[in-house]
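**Q** Following this message is one structure expressed as structure tokens.
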Amino acid sequence: MSSTAIHLTKATFTISAPDIRRLPADSGIEVAFAGRSNAGKSSALNTLTNQRGLARTSKTPGRTQLINIFEIAENKRLVDLPGYGFAKVPMEMKKKWQKALGEYLEKRECLKGLVVLMDIRHPLKDLDMDLIKWAAEGDLPILALLTKSDKLSQGKVSAQVLAVKKQLADLNANIKVQAFSSLKRTGSDQANAVICDWFHDENIEPLNEEVIIEE
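Next up, the structure:
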């Protein structure tokens, strides 16, 4: 493990790109954030980096239309991927977003960890499972963040986390499940620690498997 500490709070916006051809060189380590367009992905990024305005948030789901890159150290980047699923946008635009998402996941060799964000009240929908299964088959470490945990009682939060862990256990993969709330910062320290560990791991093999995320 590198002795250089990684701090997500150092994240700075680098570029927004419509596809992988406009991204920085495919080197170093990237940790990507993916989830349905109403899962609170931008809010989670802002909470984990302790920067209120790093990722743009909106009351209208689906505002993340591009691949957004945030550098936290030399050759170490956080990646905010286009949301999938819920967004009320024209189908042609939705297909364009999904193509950018699929291309990134399929071809980006510096991708070393995937954070999948799901509303804790509605986890593991079909597109979520497709994404998690693909990552598991490629031995990509996964952090399943169950967002908006402040919407449930502590008892229900614990029950949901346990249920998701049980459902994902069959994949026999490197998957961590964490309740998370951007409002109350629940789970932020634990998620931060997992992500920083990924940035220190230079030995994770890159993926080259095909992934298709379709509506």
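For the sequence shown, this note's numbering gives the first residue as 378, with consecutive numbering after it.
Here a beta-carbon is modelled for each residue, glycine too, at the ideal position from N, C-alpha and C.
(1) Return the first residue and the last residue of the alpha helix (DSSP H) that N423 is part of.
(2) Quick test of the definition: if touching needs 3 or more C-beta pairs under 8 Å, does the segment 389-409 touch the segment 494-502?
(3) In whole angstroms, what is the alpha-carbon distance linking V571 and L520?
(4) Strictly by DSSP, which residues pair up with A450?
(5) Got a sec, what are the start and stop residues for the beta strand (DSSP E) S393 sits in?
(6) Skipping 5 residues on each side, what residues in its chain have a beta carbon closer than 6 Å to that of K387?
(7) According to the Cβ coordinates, are T426 and R562 closer than 8 Å?
(8) With distances taken between CB atoms, is the gap from R398 to D505 smaller than 8 Å?
(9) For N549, count neighbouring C-beta atoms within 10 Å of its own C-beta (all shown protein chains included) and say buried if the count is 16 or more, exposed if not.
(10) Give me, in chain order, the residues of the same chain whose beta-carbon lies closer than 7 Å to that of E407; leave out the 5 immediate sequence neighbours on both sides.
(11) Can you give me the Cβ contacts of D403 inside the same chain, cut-off strictly under 7 Å, excluding the 5 residues immediately before and after it?
(12) Report the partner residues of K553 according to the DSSP bridge assignment.
(13) Excluding the 5 residues flanking G430 on each side, which residues of the same chain have their C-beta closer than 8 Å to its C-beta?
**A** Quick answer:
(1) It spans 418-426 - the alpha helix (DSSP H) in which N423 sits, taken as one unbroken run.
(2) No contact exists between the segment 389-409 and the segment 494-502.
(3) Those two C-alpha atoms are separated by around 8 Å.
(4) K453.
(5) Its beta strand (DSSP E) spans residues 389-394.
(6) Cβ within range, chain order: I449.
(7) Not closer than 8 Å, so no.
(8) A distance of 8 Å or more separates the beta carbons of R398 and D505.
(9) Flag for N549 reads exposed.
(10) Closer than 7 Å at the Cβ level, and outside the excluded window around E407, lie R454, V456, R485, C487, L488, K489.
(11) For D403, where only same-chain residues beyond five positions count, the Cβ hits under 7 Å are R485, E486, C487.
(12) Partner(s): L520.
(13) Within the same chain, G430 has close Cβ partners N423.
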